[in-house]
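Heads up: the sequence shown begins at 3 in this note's numbering, then just goes up one per residue.
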Amino acid sequence: MEAPTTSAKSTPVPVPEPDPVPRPASPSLKTPTPAPTATPFVYALPPVDRDLFNLALRLRPEEDIPNSRIIATSAVPLGLLAAKFCKSSRNKVPFVTLMLMPLFVPADIMGSSLLVFFKNLNGFFEWLSDSLGVTWFYGWFELGFLTALIGQIVYTLPYAFIVILITMSRYRVQQTEAARSCGATAWQAFRDVEFPQIRAGVFSACAFVTILSFNEATRTALLKGGFDTFQNVLVSQMLNIGMSGESYAMAGIMSVIPMVVIGSILIITLIRSDRLERVARAKAAAVMSN
Numbered sequence: 003m004e005a006p007t008t009s010a011k012s013t014p015v016p017v018p019e020p021d022p023v024p025r026p027a028s029p030s031l032k033t034p035t036p037a038p039t040a041t042p043f044v045y046a047l048p049p050v051d052r053d054l055f056n057l058a059l060r061l062r063p064e065e066d067i068p069n070s071r072i073i074a075t076s077a078v079p080l081g082l083l084a085a086k087f088c089k090s091s092r093n094k095v096p097f098v099t100l101m102l103m104p105l106f107v108p109a110d111i112m113g114s115s116l117l118v119f120f121k122n123l124n125g126f127f128e129w130l131s132d133s134l135g136v137t138w139f140y141g142w143f144e145l146g147f148l149t150a151l152i153g154q155i156v157y158t159l160p161y162a163f164i165v166i167l168i169t170m171s172r173y174r175v176q177q178t179e180a181a182r183s184c185g186a187t188a189w190q191a192f193r194d195v196e197f198p199q200i201r202a203g204v205f206s207a208c209a210f211v212t213i214l215s216f217n218e219a220t221r222t223a224l225l226k227g228g229f230d231t232f233q234n235v236l237v238s239q240m241l242n243i244g245m246s247g248e249s250y251a252m253a254g255i256m257s258v259i260p261m262v263v264i265g266s267i268l269i270i271t272l273i274r275s276d277r278l279e280r281v282a283r284a285k286a287a288a289v290m291s292n
């Protein structure tokens, strides 16, 4: 006897109803958005800015002054020799043009040209050392203090030359010839006769070269190699991060110090000139009374 077969009824699967299409809400039913509240601005230095500021504090300006003095003691004697040669030469125009030519070259072009020159010169000396089998010429013209010094001398030499040359224009060469005819050597004639009359130009050239060297950043950045200067740190901070409160403070200090020094020099000069004028008047009054 066969078992009765039962047909299983299929249960219907519920079909999810589609979501109703959202309709735009009425303008009157919109919830008001809260007004933005002003948050107080808290100034904070980023870590890199703080690191650069600490580096600038370690590279104090007084540490760059000896470097400027070295450049001044190198550029001013060269400018003096060039001015003396120009004074005694017949063809002055070509020599003056050659000496003033670095003034018309932009700073970045001059720095890049000297960078390529020192790279090739250093490679030549290394090749010469390898050819001779010695190590004497290695590192002579690698980027460092020497290359930066030469670059700044090339930059400041025209200024020293033109300042000393203008001062020497009122000096007569016959005075040196008269001193030589009296038995003085060339050094004695220069020290006792010529230098007292041109020392104002020499000292002005020293001050000029020192200021130019102290404020130079572009040529030094291309030729300095591994060491940093105060100006290069400030310029790097401004280009990478932007000006901060510390940058403005240090720039203000750098501006106030020269103004104080120059103002003190002017006041001392005026007081001294007034004192000398009163002494001269007293002497003239004594002579007139006699």
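Note that beta-carbon positions come from the ideal geometry of N, C-alpha and C, so glycine has one too.
task: Measure the C-alpha to C-alpha separation of residue 126 and residue 117 and round it to an integer number of angstroms.
output: For the purposes of this step, residue 126 is identified with residue 124 of the sequence shown, where counting begins at 1. For the purposes of this step, residue 117 is identified with residue 115 of the sequence shown, where counting begins at 1. Taking the straight line from one Cα to the other gives about 14 Å.
query: Considering only residues of the same chain and omitting the five flanking positions on each side of residue 203, which have a CB-CB separation below 6 Å?
result: For the purposes of this step, residue 203 is identified with residue 201 of the sequence shown, where counting begins at 1. Once the five neighbours on either side are set aside, the close Cβ partners of residue 203 are 165, 166 and 169.
Reduced DSSP secondary structure (H/G/I, E/B, other) of residue 189: Residue numbering aside, residue 189 sits at position 187 when the sequence shown is read from its first letter. Correct three-state label for residue 189: helix.
field: Beta-carbon proximity check, residue 155 vs residue 264, cutoff 8 Å
entry: Within the sequence shown, the letter at position 153 stands for residue 155. Within the sequence shown, the letter at position 262 stands for residue 264. Not a contact, by the Cβ cut-off of 8 Å.
query: In its own chain, which residues sit with a C-beta less than 8 Å from the C-beta of residue 250, not counting the 5 before and 5 after it?
result: Sequence index remark: in the sequence shown, residue 250 carries index 248 (1-based). Answer for residue 250: no residue qualifies.
message: Given a cut-off of 8 Å on the beta-carbon distance, is the pair residue 225 and residue 149 in contact?
response: Taking the sequence shown and counting its residues from 1, one reaches residue 225 at position 223. Taking the sequence shown and counting its residues from 1, one reaches residue 149 at position 147. Going by C-beta atoms, residue 225 is nearer than 8 Å to residue 149.
task: Mind the definition here: the region 208-224 touches the region 73-83 only if three or more C-beta pairs lie below 8 Å; say whether that holds.
output: yes
task: Locate the alpha helix (DSSP H) running through residue 226, then write down its first and last residues.
output: On the sequence shown, position 224 is the one that residue 226 refers to. That residue, residue 226, is in no alpha helix (DSSP H); it is neither H nor E in DSSP.
Endpoints, the alpha helix (DSSP H) within which residue 145 is located: Numbered from 1 along the sequence shown, position 143 holds the residue referred to as residue 145. Here residue 145 belongs to no alpha helix (DSSP H), and DSSP marks it neither H nor E.
query: Count the other CB atoms within 10 Å of the CB of residue 179; is the residue buried (16 or more) or exposed (fewer)?
result: Here the question's residue 179 lines up with position 177 in the sequence shown. Looking at its Cβ environment, which holds fewer than 16 other Cβ atoms inside 10 Å, residue 179 is exposed.
- request: Determine the DSSP secondary structure at residue 93, reduced to helix, strand or coil.
  value: Within the sequence shown, numbered from 1, the residue matching residue 93 stands at position 91. If DSSP states are grouped into helix, strand and coil, residue 93 belongs with coil.
- prompt: Does DSSP put residue 219 in a helix, in a strand, or in coil?
  reply: If you number the sequence shown from 1, residue 219 lands on position 217. Correct three-state label for residue 219: coil.
task: Look at residue 1 and residue 103 and say whether their C-beta atoms are less than 8 Å apart.
output: Lying outside 3 to 292, the shown extent of the chain, residue 1 is not represented and no answer is given.
task: Could you tell me how far apart the beta carbons of residue 195 and residue 176 are, in whole angstroms, since I believe they sit closer than 8 Å?
output: For the purposes of this step, residue 195 is taken as residue 193 along the sequence shown, with counting starting at 1. For the purposes of this step, residue 176 is taken as residue 174 along the sequence shown, with counting starting at 1. Between residue 176 and residue 195 the Cβ distance is about 11 Å, and since that is not below 8 Å, they are no contact.
task: With distances taken Cα to Cα, identify the nearest neighbour of residue 219 among 173, 108, 205 and 88.
output: In the sequence shown, the residue the question calls residue 219 occupies position 217. With distances taken between Cα atoms, residue 219 lies closest to 108.
task: With a floor of 4 residues, list each alpha helix (DSSP H) that falls wholly inside the region 93-140, ordered by position along the chain.
output: 94-102 and 109-134
- prompt: According to the neighbour-count rule (16 or more other Cβ atoms, all chains shown, within 10 Å of its Cβ), is residue 221 buried or exposed?
  reply: Taking the first residue of the sequence shown as 1, we reach residue 221 at position 219. Burial call: buried.
query: Excluding five sequence neighbours on each side, which residues of the same chain lie with their C-beta closer than 8 Å to the C-beta of residue 128?
result: Locating residue 128 in the sequence shown gives position 126, counting from the first residue. These residues qualify, in order along the chain: 139 and 140.
field: Beta-carbon gap between residue 147 and residue 124 smaller than 8 Å
entry: Taking the sequence shown and counting its residues from 1, the one referred to as residue 147 is at position 145. Taking the sequence shown and counting its residues from 1, the one referred to as residue 124 is at position 122. Taking 8 Å as the Cβ cut-off, residue 147 and residue 124 do not qualify as a contacting pair.
- prompt: Residues in its own chain within less than 6 Å of residue 199 by CB, not counting five upstream and five downstream?
  reply: As a working mapping, residue 199 is identified with position 197 in the sequence shown. The residues are 173.
message: Quick check: residue 159 and residue 254, are their CB atoms within less than 8 Å of each other?
response: Residue numbering aside, residue 159 sits at position 157 when the sequence shown is read from its first letter. Residue numbering aside, residue 254 sits at position 252 when the sequence shown is read from its first letter. It is not a contact, given that the beta carbons lie outside the stated cut-off.
message: For the alpha helix (DSSP H) containing residue 179, name the first residue and the last one.
response: Here residue 179 corresponds to residue number 177 of the sequence shown, with the count starting at 1. 175-183 is the extent of the alpha helix (DSSP H) around residue 179.
query: CB residue 78 to CB residue 162, shorter than 8 Å?
result: On the sequence shown, position 76 is the one that residue 78 refers to. On the sequence shown, position 160 is the one that residue 162 refers to. In this structure, residue 162 lies closer than 8 Å to residue 78 by Cβ.
field: Rounded Cβ spacing between residue 151 and residue 120 (contact assumed at less than 8 Å)
entry: Translated into the one-based positions of the sequence shown, residue 151 becomes position 149. Translated into the one-based positions of the sequence shown, residue 120 becomes position 118. That pair is no contact at about 12 Å.
- prompt: Between the C-alpha atoms of residue 137 and residue 131, what's the straight-line distance to the nearest angstrom?
  reply: Against the sequence shown, residue 137 aligns to sequence position 135. Against the sequence shown, residue 131 aligns to sequence position 129. Those two C-alpha atoms are separated by around 6 Å.
- request: Can you grab the Cα-Cα spacing for the pair residue 96 / residue 90, in whole Å?
  value: To locate residue 96, count along the sequence shown from 1; it is residue 94. To locate residue 90, count along the sequence shown from 1; it is residue 88. About 14 Å.
- prompt: Can you tell which of 193, 217, 290 and 153 has its C-alpha closest to the C-alpha of residue 115?
  reply: By 1-based counting over the sequence shown, the position of residue 115 is 113. For residue 115, the nearest C-alpha among the options comes from 153.
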